[in-house]
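Novice: Can you keep this structure in mind? I'll have questions shortly.
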Amino acid sequence: MTQHSRDMSRRRLLFGGAAVGAGVLLAGCTSNEQAPTEAQTKAADGNANAEPGKQVTIGFSAPAADHGWIAAITNNAKAQAAAYSDVEFKIVEAGADAAAQRAALATLISQTPDVIVLLPHDGKELNSFGLEAMAAGIPVVNLDRAFPDAKAYRLQIKGDNYGMGVSAATFIAEQLKAKGVSNPVIAEIAGMDELELTQERTQGFNDTLAQHGLKVKNRRAARFTADSGQQEASQLLQAEPKIDAIWNHDDDQGIGVLAAISQASRNEFFMVGGAGSKKAMEDILADNTVLKATVTYSPSMASSAISLARLIGQGRGMSDLVELQVPKEIVLASETITKENASDYLKLGF
955 MTQHSRDMSR RRLLFGGAAV GAGVLLAGCT SNEQAPTEAQ TKAADGNANA
1005 EPGKQVTIGF SAPAADHGWI AAITNNAKAQ AAAYSDVEFK IVEAGADAAA
1055 QRAALATLIS QTPDVIVLLP HDGKELNSFG LEAMAAGIPV VNLDRAFPDA
1105 KAYRLQIKGD NYGMGVSAAT FIAEQLKAKG VSNPVIAEIA GMDELELTQE
1155 RTQGFNDTLA QHGLKVKNRR AARFTADSGQ QEASQLLQAE PKIDAIWNHD
1205 DDQGIGVLAA ISQASRNEFF MVGGAGSKKA MEDILADNTV LKATVTYSPS
1255 MASSAISLAR LIGQGRGMSD LVELQVPKEI VLASETITKE NASDYLKLGF
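Residue numbering for the sequence shown follows the numbering used here, starting at 955 and increasing by one per position.
Written out as structure tokens, the structure reads:
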């Protein structure tokens, strides 16, 4: 997920859903509670910025971990902070919604940390907090869900939602061409339609399909959860007796999508996932489901956010850049993971 603004307060928990798929959904979600790998949280050595410097206190806030990607965000941030002897890490609860997170962050401002890193419930609603913290002299690292006002953050690091759609559509178009499929039935199972991130992913998907003379025939919007993915996929499969390709926006949601596909005994199509979960990569490597690829939106961005917040707090820049300061914005590319390269990316799966 935008920017990857996944509003957790409006989601149902991953462990809900139809009883028929409960075992499948639960098994798929538990892997997302694991600690981050060494690749996700690079050890604080081996580069010019690794030497201990000024002691830095980093405040951190993210929504509750009721989704695998969100759980990985917090786990990665904790682990990366622990890799540095000169970082004190303070977590404040995000609460149930943007208002609760705003109140908790106001308390954090009063404690005057050197830097604040946060994944907001909603970037637009938390924009005022960013402005307040910056005005108080506390640099803000906005993680993933964009503030509309550039003055509300010192650094914004996020994934490329539009690029996810581009990558998914490019893979689908290439595969359909290789198979010689004409007039294909392409379906899309999106996330929460009210979120900007979902709109951007769909826009990238539609724009790129159009460049290949293709378009989506049937689109469903789920809620970034396994149970909603299962429900929407079941309805999609009932509506379309034949499908050639599906793009599902989110791999956690995809656990339910795959459960619905299995229950319907459908396999005439291939599917592309989104985000790059460990479970999705394992399925791609096993090559025993319709899932043949996923496009990345890695929660390892939280690890990078902590490392960069440390440098900002210490008044240092990035060692490989000529510039003396950390950049203002970083957008991570969305990469396509297939059976051919999944083993390389597995260490980054969440």
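Glycine included, each C-beta is placed from N, C-alpha and C at the ideal position. What you are looking at is a predicted structure, and each value in this text was computed from that prediction instead of being measured.
What number of angstroms, rounded off, separates the C-alpha of T1243 from the C-alpha of G1230?
Specialist: Each residue's alpha carbon lies about 16 Å from the other.
Novice: For A1089, list the residues DSSP reports as bridge partners.
Specialist: The partner list for A1089 (beta bridge, DSSP) is empty, contrary to what the question assumes.
Novice: Using the C-alpha atoms, what's the distance from H1075 back to A1004?
Specialist: Using only the alpha carbons, I get a separation of about 32 Å.
Novice: Express the C-alpha separation of L1286 and A1053 in angstroms, rounding to a whole number.
Specialist: The alpha-carbon atoms of A1053 and L1286 are separated by roughly 29 Å.
Novice: Give a yes or no on contact between the segment 1042-1062 and the segment 1072-1088, applying the rule of three or more CB pairs nearer than 8 Å.
Specialist: Yes, they touch.
Novice: Can you list, in chain order, the residues of its chain whose CB lies under 6 Å from that of A1234, leaving out five sequence neighbours each side?
Specialist: If we look at A1234 and ignore the five residues flanking it on each side, its Cβ neighbours are D1205, G1227 and T1248.
Novice: Could you work out which residue in E1079, A1100 and L1109 is closest to M1088 when comparing CA atoms only?
Specialist: When each option's Cα is compared against that of M1088, the closest is L1109.
Novice: Tell me which residues share the same chain as E1194 and place their Cβ nearer than 7 Å to its Cβ, disregarding the 5 neighbours each side in the sequence.
Specialist: V1139, A1141 and N1172.
Novice: So which of E1150, D1198 and G1145 has the shortest CA-CA distance to L1168?
Specialist: Checking every option, the nearest Cα to that of L1168 belongs to D1198.
Novice: Which word fits N1081, buried or exposed, when buried means at least 16 other C-beta atoms lie within 10 angstroms of its C-beta?
Specialist: Its Cβ being crowded by 16 or more others within 10 Å, N1081 is buried.
Novice: For the candidate residues E1154, K1008 and I1070, whose alpha-carbon lies nearest to that of A1090?
Specialist: Nearest option by C-alpha distance: I1070.
Novice: Going by the DSSP bridge assignment, what does I1291 pair with across the sheet?
Specialist: According to DSSP, I1291 bridges with T1248.
Novice: Just the C-alpha distance for Y1038 and P1281, rounded to the nearest angstrom, thanks.
Specialist: Going from the Cα of Y1038 to the Cα of P1281 covers about 21 Å.
Novice: On the DSSP letters alone, give me the boundaries of the alpha helix (DSSP H) that R1155 sits inside.
Specialist: First-last of the alpha helix (DSSP H) with R1155: E1150 to Q1165.
Novice: Which residues does DSSP pair with E1015 in a beta bridge?
Specialist: Here the sequence assigns Ser to residue 1015, which means Glu is not the residue at that position. Note: S1015 sits in a beta bridge opposite L1072.
Novice: When you compare the CB of Y1038 with every CB in chain C, is at least one pair closer than 8 Å?
Specialist: Among the chains of the structure shown, chain C does not appear; only one protein chain is present.
Novice: Spell out a yes or no on whether the segment 1153-1168 and the segment 1108-1126 are touching, meaning 3 or more CB-CB pairs, one atom from each, closer than 8 Å.
Specialist: They touch, by the three-pair rule.
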